[in-house]
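Trainee:
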Amino acid sequence: MILQIVFRVDASPTIGTGHVMRCLTLAGALAQKGVEVSFICREHNGHLCDLIEARGFRVHRLPAPDSGFEADTTPPHAAWLGATWQEDADQTGAVIETLGVKPDWLVVDHYALDSRWERALRPFIGRIFVIDDLADRTHECDLLLDQNLVSDMQTRYTNRVPADCGLLLGPEYALLQPIYAELHDRIPPRDGPVRRILITFGGADRDNLTGRVLVAFLRLDRPDIDVDVVISDSSPYASEIRAQAAVHANIHLYSNLPTLAPLMARADLAIGAAGTTSWERLCLGLPALVVTLAENQKPVADGLHRQGLVYWLGHYDEVLERNIVQALAELIEEGINEEWSLRCRSAVDGRGVDRVGVVLTITAETPLLVRHTRLSDEALLLAWANDLQTRKNSFSPEPIPAESHHRWFRNRLRDLDGCHLYVVETQEGIPMGQVRFERQEPAWVISYSLAPQFRKRGLGRPLLKAALSKMRSEYPGALVLGRVKPDNLPSRKIFESLDFEARSDGEGIAYQRIL
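Residue numbers (our numbering): 425 to 939.
(1) Here's a check: name, in chain order, each residue in its chain whose Cβ is nearer than 7 Å to the Cβ of Val772, leaving out the five neighbours to either side.
(2) Look at Ala725 and Val743 and say whether their C-beta atoms are less than 8 Å apart.
(3) Measuring straight from C-alpha to C-alpha, what distance separates His830 and Arg836?
(4) So, is Thr497 buried or exposed, given that buried needs 16 or more other C-beta atoms within 10 angstroms?
(5) Should the segment 620–627 be regarded as contacting the segment 786–803, the criterion being three or more beta carbon pairs within less than 8 Å?
(6) The beta strand (DSSP E) that contains Val430, what's its start and end?
(7) For my contact list, Leu530 and Ile552 are in at a C-beta cut-off of 8 Å; report their separation, rounded to the angstrom.
(8) Going by DSSP, what residue range makes up the alpha helix (DSSP H) through Met425?
(9) If you scan the segment 548–592 from start to end, which runs of the alpha helix (DSSP H) of 4 or more residues do you find wholly inside it?
(10) Is it right to say Ala891 is buried, meaning 16 or more other beta carbons lie within 10 angstroms of its own, or is it exposed?
(11) Assuming the contact rule is C-beta atoms closer than 8 Å, Arg940 and Ser765 should be a hit. Round their C-beta distance to whole Å, please.
(12) Tell me where the alpha helix (DSSP H) around Trp541 begins and ends.
(13) Does DSSP classify Pro866 as helix, strand or coil?
(14) Looking at the secondary structure, which residues open and close the alpha helix (DSSP H) in which Ile933 lies?
(15) Within 10 angstroms of the Cβ of Glu521, are there 16 or more other Cβ atoms? Answer buried if so, exposed if not.
(16) Leaving out five residues before and five after Gly458 in sequence, what residues of the same chain have Cβ atoms less than 8 Å from its Cβ?
(17) When the Cα of Asp657 is compared with those of Pro914, His501, Lys894, Gly470, which residue comes out closest?
(18) Who pairs with Trp736 in a beta bridge, going by DSSP?
(19) Report the CB separation of His484 from Val519 in whole angstroms; it is logged as a contact under 8 Å.
(20) Tell me whether the beta-carbon of His468 lies closer than 8 Å to the beta-carbon of Ala435.
(21) Using a Cβ-Cβ cut-off of 6 Å (strictly less than) and excluding sequence neighbours within five positions of Glu862, which residues of its own chain qualify?
(22) Given this structure, state the Cα-to-Cα distance separating Thr797 from Gln858, to the nearest angstrom.
(23) Since Leu693 and Pro711 are thought to touch, with beta carbons under 8 Å apart, how far apart are those beta carbons, to the nearest angstrom?
(24) Assign Pro886 to one of three DSSP states: helix, strand, or coil.
(25) Quick check: the Cα distance between Gln877 and Ala488, rounded to an integer number of angstroms?
(26) What do you get for Asp839, buried or exposed, if any count of 16 or more other CB atoms within 10 angstroms of its CB means buried?
(27) Tell me Cys843's beta-bridge partners as DSSP assigns them.
(28) Does Gly616 pass the burial test, meaning 16 or more other C-beta atoms within 10 Å, or should it be called exposed?
(29) Quick one: give me the first and last residue of the beta strand (DSSP E) that Glu925 is part of.
(30) Could you tell me if Asn583 is buried or exposed, where buried requires 16 or more neighbouring beta carbons within 10 angstroms of its beta carbon?
(31) Can you give the Cα-Cα distance for His608 and Leu687, rounded to whole angstroms?
(32) Would DSSP call Ala694 helix, strand or coil?
(33) Can you tell me where the beta strand (DSSP E) with Glu460 in it begins and where it stops?
(34) What are the uninterrupted segments assigned as alpha helix (DSSP H) that are 4 or more residues long and contained completely in the segment 658–683, given in chain order?
(35) Relative to the alpha-carbon of Gln813, which residue among Asp556, Gly635, Gly590, Asp645 has its alpha-carbon at the smallest distance?
(36) Under the three-state reduction of DSSP, which class applies to Ser820: helix, strand or coil?
Given below as structure tokens:
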């Protein structure tokens, strides 16, 4: 059966183009998997409906905002919607009803929509996936993605999403075009002199940071350094910037590019905002000077600055021309330290769209691979082990300290005869869970956990079945034993469906079988 996924996303001079562009990246990856994708977009001034259609996707257009539209007071970006949340929900629901099928997923990437809107759409949709950056409102969703890197990332959605909502947090889920993952392993780190600079502030550079940075660079009088400048044809400052560049042979202008990857690959240094291009720059190891253009970019820029991944000059209304001149002059004088570039590259691998695509499309029939756990899996297994639902179902519900897990993990990896610790993953190499077989004579005791984002999808059984098959290939005829709390009905059903025999075992139920 073909999966149906609908995107609700908008673009405008106020909203910018980044939301639509990252949704298009995900939509392209989903289409390659055979998913039927469509979009619902309001016809704001500056909408990108034509671009979406040019990429081969059907667009259902909602009417442009009325001139007398009065925005709701909440959430903070409610005015960006161009309608009340109830009007938008009614219009979106009406569109979905015309599809003739209940879509499997509704993907929502819009700062103006919250749990009220999402709750209203529940009857029309299988599941709801929210893409957010702000954590400033509640959501009624099954899955949420925040690709940012901020200090409170692991707690910022506490009490803002349902308890069983899967969370995809951090730049490992950044929705980058496939070319970035490919180039991640090809582009060498920057090191030494600055010979080429990339300036780009996105499609909604309303305050002309592009022009301001260009003026600052020209003050340095460095005709030996090439500068690539990316502007939007719709920018009100386009003609002014073209005039600036026309008399300088080392200034090169570009617009309407399908990707920034080639320019980023050539550059030694970038100057831009702290939006979605942050993750593209990091993926290719490109050091950057950053000026924030919106309030929601500040915590992102601050987090990246503190980790030595970017140099944050400040907010657009605080950064003066002389600040840009000084920062540029210092970097050009000192050159790029290779360690900076390497830190950037290690933060993002560019495979976020693969990871998200797997989460959205995986089924109980998806082929799985089983491998022995690697040393590099330590942090992943700790995160899975300390998930709230995992701890609730454990006979030891207290959170596991990182230090004790570190010792335990390394001891288990070295105990080749007494512990088989497997990671189960998709054919794309996306980990979805772990299964451990630990020797307790006369049996091997099973412990397993499914990554939170894969829950409620019927995947526990195929996870355990794949690991049992792997264990059988290494220890044929082994007696395996699983202990389950009586109230953990999902695990009980999984063991029973795999022909385990149940017997009483003190505080729980023991399931056993011969491999």
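Even for Gly, the Cβ is constructed at its ideal location relative to N, Cα and C.
Since this is a predicted model, take the numbers as computed values, not measurements.
Mentor: Looking at the atomic coordinates:
(1) Start at 1 with the first residue of the sequence shown, and residue 772 comes out as number 348. Here the set comprises Pro595, Ala598, Trp703, Leu706, Cys707.
(2) The residue labelled residue 725 in the question sits at position 301 within the sequence shown. The residue labelled residue 743 in the question sits at position 319 within the sequence shown. No, Cβ-Cβ distance for Ala725 and Val743 is not below 8 Å.
(3) Reading the sequence shown from its first residue, position 406 is the one you call residue 830. Reading the sequence shown from its first residue, position 412 is the one you call residue 836. His830 and Arg836: Cα-Cα distance of roughly 10 Å.
(4) As a working mapping, residue 497 is identified with position 73 in the sequence shown. It counts as exposed.
(5) no
(6) Stepping through the sequence shown from its first residue, residue 430 is reached at position 6. Unbroken beta strand (DSSP E) run through Val430: 428–433.
(7) Taking the first residue of the sequence shown as 1, we reach residue 530 at position 106. Taking the first residue of the sequence shown as 1, we reach residue 552 at position 128. Indeed they touch by this definition, with Cβ atoms about 5 Å apart.
(8) Taking the first residue of the sequence shown as 1, we reach residue 425 at position 1. That residue, Met425, is in no alpha helix (DSSP H); it is neither H nor E in DSSP.
(9) none
(10) Sequence index remark: in the sequence shown, residue 891 carries index 467 (1-based). So Ala891 counts as buried.
(11) Because the chain in this structure spans residues 425 to 939, residue 940 falls outside the shown range and cannot be described.
(12) As a first step, residue 541 must be located in the sequence shown, where it is residue number 117. Start and end: 539–545.
(13) The sequence position of residue 866 within the sequence shown is 442, counting from 1. Pro866 falls in the coil class under three-state DSSP.
(14) Numbered from its first residue, the sequence shown carries residue 933 at position 509. Run containing Ile933: none in the alpha helix (DSSP H); it sits in the beta strand (DSSP E), 932–938.
(15) On the sequence shown, position 97 is the one that residue 521 refers to. Looking at its Cβ environment, which holds fewer than 16 other Cβ atoms inside 10 Å, Glu521 is exposed.
(16) As a first step, residue 458 is located in the sequence shown; it is residue number 34 there, counting from the start. If we look at Gly458 and ignore the five residues flanking it on each side, its Cβ neighbours are Ile426, Leu427.
(17) Start at 1 with the first residue of the sequence shown, and residue 657 comes out as number 233. Ranking Pro914, His501, Lys894, Gly470 by Cα distance to Asp657 puts Gly470 first.
(18) Translated into the one-based positions of the sequence shown, residue 736 becomes position 312. Paired residues: Val714.
(19) Residue mapping note: residue 484 aligns to position 60 of the sequence shown, counting from 1. Residue mapping note: residue 519 aligns to position 95 of the sequence shown, counting from 1. Your pair His484 and Val519 checks out as a contact, with CB atoms roughly 4 Å apart and the cut at 8 Å.
(20) Locating residue 468 in the sequence shown gives position 44, where the first residue counts as 1. Locating residue 435 in the sequence shown gives position 11, where the first residue counts as 1. Result yes, Cβ atoms of His468 and Ala435 sit closer than 8 Å.
(21) Start at 1 with the first residue of the sequence shown, and residue 862 comes out as number 438. Within the same chain, Glu862 has close Cβ partners Cys843, Val869.
(22) Within the sequence shown, numbered from 1, the residue matching residue 797 stands at position 373. Within the sequence shown, numbered from 1, the residue matching residue 858 stands at position 434. So the two alpha carbons sit approximately 9 Å from each other.
(23) One-based indexing of the sequence shown puts residue 693 at position 269. One-based indexing of the sequence shown puts residue 711 at position 287. Right, their Cβ atoms sit about 6 Å apart.
(24) Along the sequence shown, read from residue 1 onward, the residue named residue 886 stands at position 462. Reduced to three states, the DSSP call for Pro886 is helix.
(25) Position 453 of the sequence shown, counting from 1, holds the residue named residue 877. Position 64 of the sequence shown, counting from 1, holds the residue named residue 488. Going by the C-alpha atoms only, they are around 36 Å apart.
(26) On the sequence shown, position 415 is the one that residue 839 refers to. With fewer than 16 neighbouring CB atoms inside 10 Å of its own CB, Asp839 falls in the exposed class.
(27) Here residue 843 refers to the residue found at position 419 when the sequence shown is read from its first residue. Among the bridge pairs identified by DSSP, Cys843 is matched with Glu862.
(28) For the purposes of this step, residue 616 is taken as the residue at position 192 of the sequence shown. So Gly616 counts as exposed.
(29) In the sequence shown, the residue the question calls residue 925 occupies position 501. Residues 925–929.
(30) Position 159 of the sequence shown, counted from the start, is the residue given in the question as residue 583. Its Cβ having fewer than 16 others within 10 Å, Asn583 is exposed.
(31) As a first step, residue 608 must be located in the sequence shown, where it is residue number 184. As a first step, residue 687 must be located in the sequence shown, where it is residue number 263. His608 and Leu687: Cα-Cα distance of roughly 14 Å.
(32) Taking the first residue of the sequence shown as 1, we reach residue 694 at position 270. Residue state, collapsed to three classes: strand.
(33) Numbered from its first residue, the sequence shown carries residue 460 at position 36. It spans 460–466 - the beta strand (DSSP E) in which Glu460 sits, taken as one unbroken run.
(34) 662–670
(35) Working through the sequence shown from its first residue, we reach residue 813 at position 389. Taking only the C-alpha atoms, the option nearest Gln813 is Gly590.
(36) By one-based count along the sequence shown, residue 820 stands at place 396. DSSP places Ser820 in coil when its eight states are reduced to three.
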